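In this note's numbering, the protein residues as written are 3 to 160.
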Amino acid sequence: MPDESALRQHLLELLHGGQAHVSFDDAIREFPLDQAGVRPPGCPHSAWELLVHLRIAQHDILCFSQSADYQSPPWPKGYWPSAIGPASETDWHDCVRAIRDDLAAFEKLLEDPDRDLFRPFPWGEGQTLLREALLIADHNAYHLGQLVLVRKLLGEWE
């Protein structure tokens with residue numbers, strides 16, 4: 003089997019962002035929490051809604067990658083928060099921490115040389131660890147771009 007270490011390293015870098023798209027940390031840095039529940043004119047989502055959606059989707063992909071017993075939330079309602087804004091600053095910080103923790107857990111899967119990047123999971127419909135890593139990176143980049151747009155429209159991005 004060829005050495006996959008370079009591919010694994012590239013995937014980890016892709017998940018962190020900052021190359022072709024904004025990083026998670028840059029997108030949320032110093033976000034004005036009093037604006038977290040505001041939907042700027044023309045935007046379908048607030049920063050809070052985007053943040054929670056990122057958390058739920060990334061957690062879903064992580065858990066799916068770990069176990070055949072995992073059940074995804076119902077689509078689409080189960081992937082979006084019911085509230086437009088956080089109930090407290092603690093909710094925002096807890097959500098950020100959960101996103102970081104789940105990303106770290108997924109990175110551990112990628113760093114494990116015993117986990118074949120190309121072998122389809124015994125569950126699912128042919129998904130592989132490589133596919134799930136690319137899905138997280140793609141999905142997060144898309145919604146982080148939306149978060150930056152929300153920040154720009156709120157006048158909170160330089």
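Note that CB positions come from ideal geometry on N, CA and C, so glycine has one too. These numbers were taken from a predicted model, which means no experiment stands behind them.
May I have the straight-line CA-CA distance separating Gly-147 from His-23, to the nearest angstrom? Whole-angstrom Cα-Cα distance: 8 Å.
Going by the beta-carbon positions, is the gap between Pro-75 and Asp-62 smaller than 9 Å? yes
Who are the Cβ neighbours of Leu-64 in its own chain at under 7 Å, not counting the five residues just before and after it? Asp-104, Ala-107 and Phe-108
Is there at least one Cβ from chain C nearer than 9 Å to Asp-103's Cβ? The structure shown contains no chain C, having only a single protein chain.
Taking the alpha carbon of Phe-26 as the reference point, which residue from Leu-53, Arg-10, Pro-88 and Asp-5 has its own alpha carbon closest? Leu-53
Just the Cα atoms here: how many angstroms apart are Glu-14 and Asp-114? A small fix is needed here, since residue 14 is Leu in this sequence, not Glu. Each residue's alpha carbon lies about 12 Å from the other.
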